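Everything below concerns the one structure shown next.
2 protein chains.
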Amino acid sequence: MPAPLNRERIVRTAIRLADEDGLEAVSLRKVATALGVGPMRLYSYIASKEELLDLMVDGAYAEMRPVGDGWREVLRSLAETTRQAAHDHEWLADLLGGRPQLGPHALAVGETVVARLEGVSLDDIMPVVAAVNAYVIGAVRREIAERRAERATGMDERRWQAALGPYLERTFATGRFPALATVVRDAAHLDADDTFLTGLDFLLDGIEARISR
Amino acid sequence: MPAPLNRERIVRTAIRLADEDGLEAVSLRKVATALGVGPMRLYSYIASKEELLDLMVDGAYAEMRPVGDGWREVLRSLAETTRQAAHDHEWLADLLGGRPQLGPHALAVGETVVARLEGVSLDDIMPVVAAVNAYVIGAVRREIAERRAERATGMDERRWQAALGPYLERTFATGRFPALATVVRDAAHLDADDTFLTGLDFLLDGIEARISR
DNA sequence: GCATTGATCGATACAGTGTATTGGACAATA
DNA sequence: TATTGTCCAATACACTGTATCGATCAATGC
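Protein chains in written order, with the numbering used here: chain A, 1 to 213; chain B, 1001 to 1213.
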């Protein structure tokens, strides 16, 4: 008999399974089997699968370490550490924003960020942090979704256009989306990093305008 | 025998079920039953449940009508019409951003937006639209998640603090999250509309700075 | 020391899921 | 008329989350 069962071991196992084979590989039976116990044993430690998913998310928050001096650096770091966590745990993109994050590690991240937001007035803190979080969640979801789509349509990840070229080419050939076609065909394409950072800078610039008002 | 079966009728039925009882009420069996056919019939029109979900999302895009003169109004309108769709179809919040949106109605929304973005240089269009979309998706997800949590913890939706007060009160009483506690306790609280619009304005302000450069 | 109670935990069971497969009815062809 | 091919419904499979029940075993009362 290995270490005794507890919430943390259950959550760690679930995270491992999700890292390896995606969120749909996380079933209570599989988690239980990986731990060498019967499925019903888990219900001594968690109330439902939903709670397990919440605990997994909070486990991911435990890896996030926002740092930096000054509000801009801190918010940027919050964004990047969240994005990094989603890269390490792609299933996080499916769960982020899906329900309020009130676990201890999520609150700890929030505490660290808020505590370092010098120069931001009390009433501005919530809207500012909420906006950055919203942007990051949306951006990370799209990024992971694109990554999966690329992976699904052959292992080519060189360029969007090459991957789903046939479909888009055909669609644009109908002439129904001329403006869109021009952008996709002729505009410069940023890579994932630059896209993320560019959007983040838009937001931080806008926040700066408010802050220093 | 009613109208003949087709994709559109299947999707409309699935959307109705999701509107009424949430996304987890959408099973192929239930959709089929509502249409008076056997479950397997649906596979003549859709390849999998995932495809049905994609079609539902594209169906929601069909209701979005971004309008306005000038890039700022258009982007604001895009944000608001997306948010409105998620209010009309809460399940949309669960699906938005989860996979690339390439259906005809989603592309049509993109076309409308891009076509109206006068004054934005070609290379800026994609990052700008992507940023607004990312923000909206994240913001809407959080908003819907909060709404559900409020609904779950009793029908009170007056104030966050009142709804999950006990848990937060207890947590803050530990003194581990002093900065967070101060913000939650003492800062002004915006309602959902203002929170959404404030964050959106941050982003649009930041975009404006770039555009007019 | 023995009987009884109470908690603990595994196995079983249930209702539901997405979807593969199979078999039969019917239309079109030879 | 015989045969082939197409369509569609029913059955079946493997799996899900979780309620329930029965047995095991420790602690308690006499």
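Every residue, glycine too, gets a C-beta built ideally from N, C-alpha and C.
It should be emphasised that the depicted structure is a prediction, and the values quoted were computed from it without experimental measurement.
- Here the alpha carbons of threonine 81(A) and aspartate 19(A) stand approximately 17 angstroms from one another.
- Taking CB atoms only, valine 1114(B) has a neighbour in chain A less than 7 angstroms away.
- Under the three-state reduction of DSSP, isoleucine 1046(B) is assigned to coil, being neither helix nor strand.
- In terms of Cα proximity to aspartate 191(A), the closest of Leu1190(B), Ala1192(B), Gly1206(B), Met1126(B) is Met1126(B).
- If you ignore the 5 residues before and after serine 77(A), its C-beta comes within less than 7 angstroms of the C-beta of Pro66, Val67, Gly68, all in its own chain and listed in chain order.
- When Val74(A), Ile10(A), Gly59(A), Thr33(A) are compared, the shortest CA-CA separation from alanine 47(A) is found for Ile10(A).
- Contact between valine 1132(B) and leucine 1203(B) holds, since their C-beta atoms are separated by about 6 angstroms, short of 8 angstroms.
- Glycine 70(A) and threonine 112(A) have their alpha carbons spaced roughly 12 angstroms apart.
- Using beta-carbon distances, proline 166(A) does not count as an interface residue toward chain B, since no partner is under 7 angstroms.
- Using a Cβ distance threshold of 7 angstroms, alanine 1085(B) and alanine 1060(B) count as a contacting pair.
- Under the DSSP assignment, arginine 1009(B) falls in the alpha helix (DSSP H) whose first and last residues are 1007-1021.
- Runs of the beta strand (DSSP E) spanning 3 or more residues and lying entirely within the stretch 1120-1182 of chain B do not occur at all.
- In the three-state scheme derived from DSSP, where H, G and I count as helix and E and B as strand, histidine 87(A) is classed as helix.
- CA-CA distance, arginine 1148(B) to arginine 29(A), rounds to 28 angstroms.
- Excluding the 5 residues flanking it on each side, arginine 210(A) has same chain C-beta neighbours closer than 7 angstroms at Asp124, in chain order.
- With respect to chain B, the C-beta atom of proline 100(A) has a partner C-beta closer than 7 angstroms.
- Alanine 1034(B) carries a helical assignment under DSSP once its states are collapsed to helix, strand and coil.
- The Cβ atoms of glycine 199(A) and arginine 1141(B) do not sit closer than 7 angstroms to each other.
- Listed along the chain, the chain B residues whose CB falls inside 8 angstroms of the CB of threonine 33(A) amount to none; the nearest CB is some 25 angstroms away.
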